[in-house]
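Peer 1: In my numbering, the protein residues as written are -16 to 245.
Beta carbons: idealized from backbone N, C-alpha and C, even for Gly.
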DNA sequence: ATGACGATTCAAAATCGA
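Printed below as a string of structure tokens:
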């Protein structure tokens, strides 16, 4: 069972890249973020042609949007709203005895000060609400997968320069401490870091503004697949499909995979 | 320090991303 998460940055614009992802990564489940597509315009027919017969989507016009694509049937599809906002950022479905969550945590704007920047305040509240909800709703023995664009780079090696980014949104202590609290709720296993030592850099996002993204390599690890301890013994592999950042008209995020034994 | 890019939207310039 291979689970991929990808911030696609427009599902309609990048449907051909989703075909390439399907071919090159051969996932069983794909969690998408930033689909930027209302549900009535979601490209179901194109996805069916790619073999994605089971699709759950939760989208709106222009912004946000999440989806789950699956080879096998999805059950109990539902969505979650946060911070009393209409944003489409969280969809949940059961597949093969697991509950899969596709999650898009807010970016948070530029200024990392909740008193000055309402978007950053909203991001912190979003993280706090998630933490309270997971702690109240589930236990570590529930078989859960939490995958998505968390918009937080938790470890010093999850950014290209830890010191330079401490005051940059995605890597501030206000965000990383909150993400750590979320991780503690169910003793979530960060699947990429189950394989890559904490002193090694891993990135999943590179800005569109870099002239030479690969050469400069000023990346951040914003995309994550977490599993509960119930699923952790089945974890057998990981991948960041970095080459996807070089596909024609790419997303600025690379797909991230976790592999679980069947 | 600024801007660099890219997607979307009542279709031109603004907003958002991170």
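Which two residues bound the contiguous beta strand (DSSP E) that contains residue 76?
Peer 2: In the DSSP assignment, residue 76 falls within the unbroken beta strand (DSSP E) covering 73 to 78.
Peer 1: For residue 157, which three-state DSSP category applies?
Peer 2: helix
Peer 1: Looking at the secondary structure, which residues open and close the beta strand (DSSP E) in which residue 198 lies?
Peer 2: Note, residue 198: premise wrong, no beta strand (DSSP E); alpha helix (DSSP H) at 196 to 199.
Peer 1: What does a CB cutoff of less than 7 Å around residue 159 pick up in its chain, not counting 5 residues either side in sequence?
Peer 2: 135, 137
Peer 1: Which one of 51, 7, 40 has the shortest CA to CA distance from residue 23?
Peer 2: 40
Peer 1: I'd like to confirm the pairing. Which residues does DSSP put opposite residue -12 in its beta bridges?
Peer 2: 14, 239
Peer 1: Residue 236: buried (16+ other C-beta within 10 angstroms of its C-beta) or exposed?
Peer 2: Residue environment: residue 236 is assigned as buried (16 or more neighbouring CB atoms within 10 Å of its CB, all protein chains considered).
Peer 1: Across the stretch 166 to 176 and the stretch 147 to 157, are there enough close Cβ pairs to call them in contact, namely three or more that are closer than 8 Å?
Peer 2: By the C-beta criterion, the stretch 166 to 176 is judged not to be in contact with the stretch 147 to 157, since fewer than 3 inter-stretch pairs fall below 8 Å.
Peer 1: How about residue 125 and residue 211: are their beta carbons less than 8 Å apart?
Peer 2: yes
Peer 1: Let me confirm a value: residue 206 is counted as buried when at least 16 other C-beta atoms fall within 10 Å, else exposed. Which label applies?
Peer 2: buried
Peer 1: Would you identify the three-state DSSP class for residue 84, choosing helix, strand or coil?
Peer 2: strand
Peer 1: Just verifying my parser: in three-state terms, what is the DSSP assignment at residue 211?
Peer 2: Residue 211 falls in the coil class under three-state DSSP.
Peer 1: Check this for me: beta carbons of residue 66 and residue 112, under 8 Å apart or not?
Peer 2: yes
Peer 1: Please name the residue in 64, 228, 219 whose C-alpha comes closest to that of residue 195.
Peer 2: Here the closest residue by C-alpha is 228.
Peer 1: Count the other CB atoms within 10 Å of the CB of residue 87; is the residue buried (16 or more) or exposed (fewer)?
Peer 2: Buried.
Peer 1: Indicate whether residue 247 and residue 209 have their beta-carbon atoms separated by less than 8 Å.
Peer 2: Outside the shown range of the chain (-16 to 245) lies residue 247, about which nothing can therefore be said.
Peer 1: Relative to the ligand GTP, is the shortest distance from any of its heavy atoms to the C-beta of residue 203 smaller than 7 Å?
Peer 2: No copy of the ligand GTP appears in this structure; indeed no ligand is present at all.
Peer 1: Starting from the C-beta of residue 53, find all residues in its chain whose C-beta is less than 6 Å away, skip the five residues before and the five after it, and write them out in chain order.
Peer 2: 12, 37, 78
Peer 1: Counting only the same chain and skipping the five closest in sequence on each side, list residues whose C-beta sits under 7 Å from that of residue 97.
Peer 2: 103, 104, 107
Peer 1: If residue 44 sits next to residue 69, beta carbons under 8 Å apart, how far is it from one beta carbon to the other, in whole angstroms?
Peer 2: The Cβ separation is near 11 Å, so there is no contact.
Peer 1: Report, in whole angstroms, the separation of the C-beta atoms of residue 34 and residue 5, which I expect to be a contact under 8 Å.
Peer 2: 7 Å
Peer 1: Using C-beta distances below 8 Å, list every residue in its chain close to residue 175, excluding the 5 sequence neighbours before and after it, in chain order.
Peer 2: Result list for residue 175: 185, 204, 207, 208, 221, 223, 239, 241, in chain order.
Peer 1: DSSP state of residue 51, grouped into three classes?
Peer 2: Residue 51: strand per DSSP, three-state reduction.
Peer 1: Measure the beta-carbon distance from residue 230 to residue 1 and round it to whole angstroms, keeping in mind my assumption that it falls under 8 Å.
Peer 2: The Cβ separation is near 11 Å, so there is no contact.
Peer 1: Please classify residue 153: is it buried, with 16 or more other beta-carbons within 10 angstroms of its beta-carbon, or exposed?
Peer 2: The residue is buried, with at least 16 neighbouring Cβ atoms inside 10 Å.
Peer 1: Determine the direct distance from the alpha carbon of residue 25 to that of residue 59, and round the result to whole angstroms.
Peer 2: 20 Å
Peer 1: Quick check: the Cα distance between residue 145 and residue 123, rounded to an integer number of angstroms?
Peer 2: 31 Å
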